[in-house]
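S.K.:
2 protein chains.
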Amino acid sequence: MKIAIVGFGNVGRAVAEVMLERRELFQKVDFEPKVVAVFERDGSWIDENGLKLQELLSKGTSSPSWVEGAAMAEERLADLDCDLIVEMTVTNIEDGEPGLTHIVEALNSGKDVVTSNKGPLVLAFPELMEIAEKKNRMLLYEATVGGAIPVFHVAREALLVNRIISITGILNGTSNYILTKMTDEKVSFNAALREAQEKGYAEADPTYDIEGIDAASKLVILANGILKTSKSIKDVRIEGITRITPEMTELAMEDGYLVKHIGYVDRNRIEVIPRLIPRSSPLAVGGTLNVISLKTDVAQDITLIGRGAGPRETSSAILGDILHINKIRKEN
Amino acid sequence: MKIAIVGFGNVGRAVAEVMLERRELFQKVDFEPKVVAVFERDGSWIDENGLKLQELLSKGTSSPSWVEGAAMAEERLADLDCDLIVEMTVTNIEDGEPGLTHIVEALNSGKDVVTSNKGPLVLAFPELMEIAEKKNRMLLYEATVGGAIPVFHVAREALLVNRIISITGILNGTSNYILTKMTDEKVSFNAALREAQEKGYAEADPTYDIEGIDAASKLVILANGILKTSKSIKDVRIEGITRITPEMTELAMEDGYLVKHIGYVDRNRIEVIPRLIPRSSPLAVGGTLNVISLKTDVAQDITLIGRGAGPRETSSAILGDILHINKIRKEN
Numbered sequence: 216m217k218i219a220i221v222g223f224g225n226v227g228r229a230v231a232e233v234m235l236e237r238r239e240l241f242q243k244v245d246f247e248p249k250v251v252a253v254f255e256r257d258g259s260w261i262d263e264n265g266l267k268l269q270e271l272l273s274k275g276t277s278s279p280s281w282v283e284g285a286a287m288a289e290e291r292l293a294d295l296d297c298d299l300i301v302e303m304t305v306t307n308i309e310d311g312e313p314g315l316t317h318i319v320e321a322l323n324s325g326k327d328v329v330t331s332n333k334g335p336l337v338l339a340f341p342e343l344m345e346i347a348e349k350k351n352r353m354l355l356y357e358a359t360v361g362g363a364i365p366v367f368h369v370a371r372e373a374l375l376v377n378r379i380i381s382i383t384g385i386l387n388g389t390s391n392y393i394l395t396k397m398t399d400e401k402v403s404f405n406a407a408l409r410e411a412q413e414k415g416y417a418e419a420d421p422t423y424d425i426e427g428i429d430a431a432s433k434l435v436i437l438a439n440g441i442l443k444t445s446k447s448i449k450d451v452r453i454e455g456i457t458r459i460t461p462e463m464t465e466l467a468m469e470d471g472y473l474v475k476h477i478g479y480v481d482r483n484r485i486e487v488i489p490r491l492i493p494r495s496s497p498l499a500v501g502g503t504l505n506v507i508s509l510k511t512d513v514a515q516d517i518t519l520i521g522r523g524a525g526p527r528e529t530s531s532a533i534l535g536d537i538l539h540i541n542k543i544r545k546e547n
Numbered sequence: 216m217k218i219a220i221v222g223f224g225n226v227g228r229a230v231a232e233v234m235l236e237r238r239e240l241f242q243k244v245d246f247e248p249k250v251v252a253v254f255e256r257d258g259s260w261i262d263e264n265g266l267k268l269q270e271l272l273s274k275g276t277s278s279p280s281w282v283e284g285a286a287m288a289e290e291r292l293a294d295l296d297c298d299l300i301v302e303m304t305v306t307n308i309e310d311g312e313p314g315l316t317h318i319v320e321a322l323n324s325g326k327d328v329v330t331s332n333k334g335p336l337v338l339a340f341p342e343l344m345e346i347a348e349k350k351n352r353m354l355l356y357e358a359t360v361g362g363a364i365p366v367f368h369v370a371r372e373a374l375l376v377n378r379i380i381s382i383t384g385i386l387n388g389t390s391n392y393i394l395t396k397m398t399d400e401k402v403s404f405n406a407a408l409r410e411a412q413e414k415g416y417a418e419a420d421p422t423y424d425i426e427g428i429d430a431a432s433k434l435v436i437l438a439n440g441i442l443k444t445s446k447s448i449k450d451v452r453i454e455g456i457t458r459i460t461p462e463m464t465e466l467a468m469e470d471g472y473l474v475k476h477i478g479y480v481d482r483n484r485i486e487v488i489p490r491l492i493p494r495s496s497p498l499a500v501g502g503t504l505n506v507i508s509l510k511t512d513v514a515q516d517i518t519l520i521g522r523g524a525g526p527r528e529t530s531s532a533i534l535g536d537i538l539h540i541n542k543i544r545k546e547n
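Protein chains in written order, with the working numbering: chain A, 216 to 547; chain B, 216 to 547.
#1: Could you check if I436 of chain B is buried or exposed, using at least 16 other CB atoms within 10 Å of its CB as the buried criterion?
#2: Does the beta-carbon of P279 of chain A have 16 or more other beta-carbons within 10 angstroms, so that it is buried, or is it exposed?
#3: How far does the alpha helix (DSSP H) with F404 of chain B in it reach, from first residue to last?
#4: What would DSSP say about L442 of chain B, mapped onto helix, strand or coil?
#5: Curious, which full-length beta strand (DSSP E) runs of at least 3 residues does the region 440-527 of chain A contain?
#6: When we look at the beta-carbon of P458 of chain B and count the other beta-carbons within 10 Å, is it buried (16 or more) or exposed?
#7: How is the beta strand (DSSP E) around I385 of chain A delimited, first residue to last?
#8: Give a yes or no on whether the C-beta atoms belonging to E546 of chain A and E546 of chain B are separated by under 7 Å.
#9: Closest to D327 of chain A by C-alpha separation, out of A:V506, A:D429, A:E302, A:T383, would be which residue?
#10: Kindly give me the distance between the Cβ atoms of G362 of chain A and G521 of chain A, rounded to whole angstroms, as I take these residues to be in contact under 8 Å.
#11: Within 10 angstroms of the Cβ of D424 of chain A, are there 16 or more other Cβ atoms? Answer buried if so, exposed if not.
#12: Apply the 10 Å Cβ neighbour rule to D516 of chain A and answer buried if 16 or more other Cβ atoms are within range, or exposed otherwise.
#13: Rounded C-beta distance between E528 of chain A and A514 of chain B? I'm assuming under 8 Å.
#14: Residues in the region 528-547 of chain B with C-beta within 8 Å of chain A's C-beta atoms, listed in sequence order?
#15: Would you call the region 264-280 of chain B and the region 379-398 of chain B in contact, with 3 or more CB pairs under 8 Å?
#16: Going by the beta-carbon positions, is the gap between V383 of chain A and S495 of chain A smaller than 7 Å?
#17: Along the region 496-522 of chain B, where does the CB come closer than 9 Å to a CB of chain A? Name the residues.
#18: Is there a Cβ from chain B that is less than 7 Å from the Cβ of A467 of chain A?
#19: Would a C-beta distance cut-off of 7 Å place G502 of chain A and T395 of chain A closer than the cut-off?
#20: Output needed in chain order: residues of the region 355-378 of chain A with a Cβ under 7 Å from some Cβ in chain B.
#21: Are the C-beta atoms of R237 of chain B and some chain A residue less than 7 Å apart?
#22: Helix, strand or coil: which one does DSSP assign to K396 of chain A?
#23: Which residues of chain A have a Cβ atom closer than 9 Å to the Cβ of V244 of chain B, listed in chain order?
#24: Put T361 of chain A into one of helix, strand or coil per three-state DSSP.
#25: How many Å lie between V451 of chain A and G523 of chain B at the Cα?
#26: Have a look at S324 of chain B and K249 of chain B and give me their C-alpha separation to the nearest angstrom.
#27: Any beta carbon of chain B sitting closer than 7 Å to that of V474 of chain A?
#28: Looking at chain B, which residues of the region 390-424 of chain A have a Cβ within less than 7 Å of any of its Cβ atoms?
#29: Hey, how far is the Cα of T330 of chain A from the Cα of F367 of chain A?
#30: Please identify the residue among B:L322, B:K274, B:E348 whose C-alpha is closest to the C-alpha of L292 of chain B.
#31: Name the chain B residues that come within less than 9 Å of V282 of chain A, Cβ to Cβ?
#32: With a cut-off of 7 Å, does the C-beta of V329 of chain B fall near any C-beta of chain A?
#33: Any idea which residues DSSP pairs V329 of chain B with across the strands?
#34: Would you say I540 of chain B and M234 of chain B are within 7 Å of each other, going by their C-beta atoms?
#35: Can you give me the C-alpha to C-alpha distance between E418 of chain A and Q412 of chain A, rounded to a whole angstrom?
#36: Using C-beta distances below 7 Å, list every residue in its chain close to G265 of chain B, excluding the 5 sequence neighbours before and after it, in chain order.
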């Protein structure tokens, strides 16, 4: 399988690293990856005979296959001779670019796509799926929600016989870390946020995390991907966690509850709001963990918990998608 | 796909019911089940043109296809013209029978097997897998551990790129219910057990549940199925929960811990013992819930929570396995 990687930040590098570690496994499952191109913002590495990932990881832009400036992904993807594009550029939920163009170009030119980029899916989920179907290509996006948690795989394959009625979850590790800190150490929202920033869990501008925009984006992808709705982020009722006080979390605790920032979607409702969750609930996970619970009509509730972020964790989801596509393409 | 059902108790009936409910889905995923035989302890329903499940469910032994006494599964399976056997007889971990004979006969006569029966897998996992491989047949057993939780599917497919390092879980809903009661209501072990019996969560003889035999059986299947060990129940260090007192659970609570009956397996250790679990841990689930956490080297910890028992819940796992085999057989 000829692969092009678009976006070579922390997640892209982790994908390359794990690919090097798992060569033995790949042989066993009949997966022969050949990375023919890696696109970065300011240039690219291209070799139609297959790039040496080890060299690329260690030498970076001093590797001989590096070409600066030229050969940007959006201009090259359509003509590139490859089977699958891994789109890992930074999420942009304003206009989805450059990821949206990359994915459209890739699908339209007959390539399968695996992405960790929420932007294009939040803005154009039905349109992208329509292109994929028309072109008979696959577009998988496990890494966009819940990091390493294989929720789309579970819903699509393992729980296939079930109707999924609703989805509830904690979809943002930063806001969960802040609420956990406030509860456990009775500190203010601002103190907890500062600590999250010091530890690298929150960005300098934490708006997307604490105001629920990131969680709402993921909820839209869950809704469209699993419940087959056609929601966009405008449809989500969003309330952030900035008004939560340590007094509230303490009061909740006294009655056996935790204040959690919960995403919820069913056929009638889609929202990300602070909610009281019983301490004994499977949803009551702490720290930076994410949790997603699927309410189904046969298996009842199935809940998945895992790391919602981290380059290596995210690469597990991306490589899971790639191996799934490889399996299907080998069979056909 | 021609299917024979062996064992038509609560789980078998739930499988038949969900099959009737999901006819539309089955068409969509190219699954055409034809149940040609249903075996019970004291007779069988057989029709090579396909049994009417609705009639069978409502009329039972007064259905015209019922033949009493004759045609026991162990004598008939080898010659039966069918593609897949669903083995759902009662677990027997003494000698695995009658399930063990059913599964061996089915595999040896070229049929795929899906089972909810722990006995044969606890006693003869490596041998059964060897027969399956030699005959190029599949033997799936999602329903044997954690009821509706699709842990084997997740480990085998979604987390394929990961090495799984260890497995930790609460694998028995009855003992979890008892420990939860003791913790929440400060009642004695015996009082909690009595309530579990009254609610139908514990059997008249609760030994297997409270002494950890049932959990150890499931742990052996997890170890062999996911970590590829060749363990049997004799290898498991087992300690039950009968010596836990409300004083212990209260003392643990004061320090933020819960007493849980935990199964654990890695390359060096396999045990089911009472352990202290931090209240905030994803493993700290209450009531009759089961939880299974996979420690992996790329995704880190992935935890699954769900109903560990119940006919309908278990049928989700069984039908998941059947649909998976159907997909693979259709492709080849």
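A virtual CB, placed ideally from N, CA and C, is assigned to each residue, including glycine. Source: prediction; values computed, not measured.
M.R.: Reading from the atomic positions:
#1: Start at 1 with the first residue of the second sequence, and residue 436 of chain B comes out as number 221. Buried, by the Cβ-count rule.
#2: What you label residue 279 of chain A is simply residue 64 of the first sequence in a count that begins at 1. Looking at its Cβ environment, which holds fewer than 16 other Cβ atoms inside 10 Å, P279 of chain A is exposed.
#3: Working through the second sequence from its first residue, we reach residue 404 of chain B at position 189. Its alpha helix (DSSP H) spans residues 404-413.
#4: Taking the second sequence and counting its residues from 1, one reaches residue 442 of chain B at position 227. It is coil, neither helix nor strand.
#5: Segments of the beta strand (DSSP E) lying fully in the region 440-527 of chain A: 472-480, 485-493, 504-511, 516-522.
#6: Mapped onto the second sequence, residue 458 of chain B falls at position 243. Correcting the residue identity first, residue 458 of chain B is Arg in this sequence and not Pro. With fewer than 16 Cβ atoms within 10 Å of its Cβ, R458 of chain B is classed as exposed.
#7: One-based indexing of the first sequence puts residue 385 of chain A at position 170. In this chain, the beta strand (DSSP E) harbouring I385 of chain A covers 379-385.
#8: Mapped onto the first sequence, residue 546 of chain A falls at position 331. Mapped onto the second sequence, residue 546 of chain B falls at position 331. For E546 of chain A and E546 of chain B, yes; Cβs fall inside 7 Å.
#9: Position 112 of the first sequence, counting from 1, holds the residue named residue 327 of chain A. The shortest C-alpha separation from D327 of chain A is found at A:E302.
#10: As a first step, residue 362 of chain A is located in the first sequence; it is residue number 147 there, counting from the start. As a first step, residue 521 of chain A is located in the first sequence; it is residue number 306 there, counting from the start. That pair is a contact at about 6 Å.
#11: Position 209 of the first sequence holds residue 424 of chain A. Burial check for D424 of chain A: the Cβ neighbour count within 10 Å reaches 16 or more, so the residue is buried.
#12: Position 301 of the first sequence, counted from the first residue, corresponds to residue 516 of chain A. Label assigned to D516 of chain A: buried.
#13: The sequence position of residue 528 of chain A within the first sequence is 313, counting from 1. The sequence position of residue 514 of chain B within the second sequence is 299, counting from 1. The pair is a contact, with the Cβ atoms about 6 Å apart (cut-off 8 Å).
#14: Contact annotation: in the region 528-547 of chain B, residues whose CB is within less than 8 Å of a CB in chain A are E528, S530, S531, A532, L534, G535, L538, H539, E546, N547.
#15: Too few Cβ pairs lie closer than 8 Å, so no.
#16: For the purposes of this step, residue 383 of chain A is taken as the residue at position 168 of the first sequence. For the purposes of this step, residue 495 of chain A is taken as the residue at position 280 of the first sequence. Looking at the sequence provided, one finds Thr at residue 383 of chain A rather than Val. Not closer than 7 Å, so no.
#17: Per Cβ criterion, the list reads S496, P497, A499, V500, G501, G502, L504, V506, S508, T511, D512, V513, A514, Q515, D516, I517, T518, L519, I520, G521, R522.
#18: Indexing the first sequence from 1 puts residue 467 of chain A at position 252. Not closer than 7 Å to any Cβ of chain B, the Cβ of A467 of chain A fails to qualify, so no.
#19: Counting from one through the first sequence, the residue named residue 502 of chain A turns up at place 287. Counting from one through the first sequence, the residue named residue 395 of chain A turns up at place 180. Contact: yes.
#20: Residues passing the 7 Å Cβ filter: A363, I364, P365, H368, V369, E372, A373, L374, L375, V376, N377.
#21: Translated into positions along the second sequence, residue 237 of chain B becomes position 22. So yes, R237 of chain B belongs to the interface.
#22: Translated into positions along the first sequence, residue 396 of chain A becomes position 181. Residue state for K396 of chain A is assigned as helix, using DSSP reduced to three classes.
#23: Taking the first residue of the second sequence as position 1, residue 244 of chain B is located at position 29. Neighbours of V244 of chain B across chain A, judged by C-beta separation under 9 Å: L375.
#24: If you number the first sequence from 1, residue 361 of chain A lands on position 146. Residue identity check: residue 361 of chain A is Gly in the sequence provided, not Thr. Under the three-state reduction of DSSP output, G361 of chain A falls in the coil class, being neither helix nor strand.
#25: On the first sequence, residue 451 of chain A is found 236 positions in, with the first residue counted as 1. On the second sequence, residue 523 of chain B is found 308 positions in, with the first residue counted as 1. Taken atom to atom, the span from the alpha-carbon of V451 of chain A to that of G523 of chain B is near 34 Å.
#26: Within the second sequence, numbered from 1, the residue matching residue 324 of chain B stands at position 109. Within the second sequence, numbered from 1, the residue matching residue 249 of chain B stands at position 34. For S324 of chain B and K249 of chain B, the gap between their C-alpha atoms comes out near 19 Å.
#27: Within the first sequence, residue 474 of chain A is the residue found at index 259, counting from 1. Not one chain B Cβ lies under 7 Å of V474 of chain A.
#28: Answer in chain order: no residues at all.
#29: Numbered from its first residue, the first sequence carries residue 330 of chain A at position 115. Numbered from its first residue, the first sequence carries residue 367 of chain A at position 152. Across the structure, T330 of chain A and F367 of chain A are spaced so that their CA atoms are roughly 13 Å apart.
#30: In the second sequence, residue 292 of chain B corresponds to position 77, counting from 1. Closest by alpha carbon: B:L322.
#31: Counting from 1 along the first sequence, the entry for residue 282 of chain A is found at position 67. Near V282 of chain A there are no residues of chain B at all, since even the closest Cβ is about 30 Å away, more than 9 Å.
#32: Taking the second sequence and counting its residues from 1, one reaches residue 329 of chain B at position 114. With 7 Å as the cut-off, V329 of chain B does not count as an interface residue toward chain A.
#33: Sequence index remark: in the second sequence, residue 329 of chain B carries index 114 (1-based). Partner(s): B:V301, B:L355.
#34: Against the second sequence, residue 540 of chain B aligns to sequence position 325. Against the second sequence, residue 234 of chain B aligns to sequence position 19. Cβ atoms of I540 of chain B and M234 of chain B: not closer than 7 Å.
#35: As a first step, residue 418 of chain A must be located in the first sequence, where it is residue number 203. As a first step, residue 412 of chain A must be located in the first sequence, where it is residue number 197. In a straight line, the C-alpha of E418 of chain A is about 6 Å away from that of Q412 of chain A.
#36: As a first step, residue 265 of chain B is located in the second sequence; it is residue number 50 there, counting from the start. Contacts found: K249, V250, V251.
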